Amino acid sequence: MFCSGPLAELTVVDWDTEPGTCPECGEYAKGTFETVPGLALLNFVDDGEAEYFGQTDVCWDMQATDRDEQGRATLMCPAGHTWQAAMDEQCSTTGSGERDGSLTTSSDH
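When we follow our numbering, the leftmost residue of the sequence shown carries the number 545, and every step to the right adds one.
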């Protein structure tokens, strides 16, 4: 299932620790790892060789949450610890185009 736009509301439930907290340090998740594709622009010089222009056009509409083989999202706390979580996206949008969903952290950290 594909939803575009940022998550508007996220509910995190963890069976082993307080809801939404890191299994290593107990801090709340700061966010999910995302992949955002971009087009690195090129500049062609006189001899026909290309150089990087130094700018990338980001394709925000193709942003996607990074997931493991089981479809679980990767979360990170402010301390930089990561863990996997099952994520159920509802794809219901608000008037601003934001999506909402829920997240359940896995019990097999």
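Yeah, the Cβ is synthetic: ideal placement off N, Cα and C, and Gly gets one too.
Every value quoted in this text rests on a predicted model; they were computed, and no experiment measured them.
Practice prompt. In the DSSP assignment, find the beta strand (DSSP E) that holds TYR596 and state where it starts and stops.
Written response: Segment 594-602, the beta strand (DSSP E) holding TYR596.
Item to complete: Figure out for me which residue from CYS621, GLY598 and TRP627 has the closest Cα to the Cα of ARG611.
Response: Per the Cα distances, TRP627.
Worksheet item: Ordered along the chain, which non-local residues of its own chain (more than five positions away) have a Cβ less than 6 Å from that of PRO622?
Response: Cβ within range, chain order: GLU571 and LYS574.
Worksheet item: Do you know how far the Cα of ALA584 is from the Cα of ALA617?
Response: So the alpha carbons of these two residues sit roughly 27 Å apart.
Worksheet item: Which value, in whole angstroms, describes the spacing of the CA atoms of THR576 and GLU595?
Response: Cα to Cα, the separation comes out at about 33 Å.
Worksheet item: Roughly how many whole angstroms lie between the Cα atoms of PRO567 and ALA630?
Response: So the two alpha carbons sit approximately 15 Å from each other.
Worksheet item: With burial defined as no fewer than 16 other Cβ atoms inside 10 Å of the residue's Cβ, what is the status of LEU619: buried or exposed?
Response: Buried.
Fill in: Distance, PHE588 Cα to THR600 Cα
For THR600 and PHE588, the distance between alpha carbons rounds to 16 Å.
Worksheet item: If you draw a straight line from the alpha carbon of GLY564 to that of GLN614, how long is it in whole angstroms?
Response: Each residue's Cα considered, the two are about 19 Å apart.
Worksheet item: Given MET606, which residues of its chain have a CB within under 6 Å of its CB, disregarding the five upstream and five downstream residues?
Response: PRO581, listed in sequence order.
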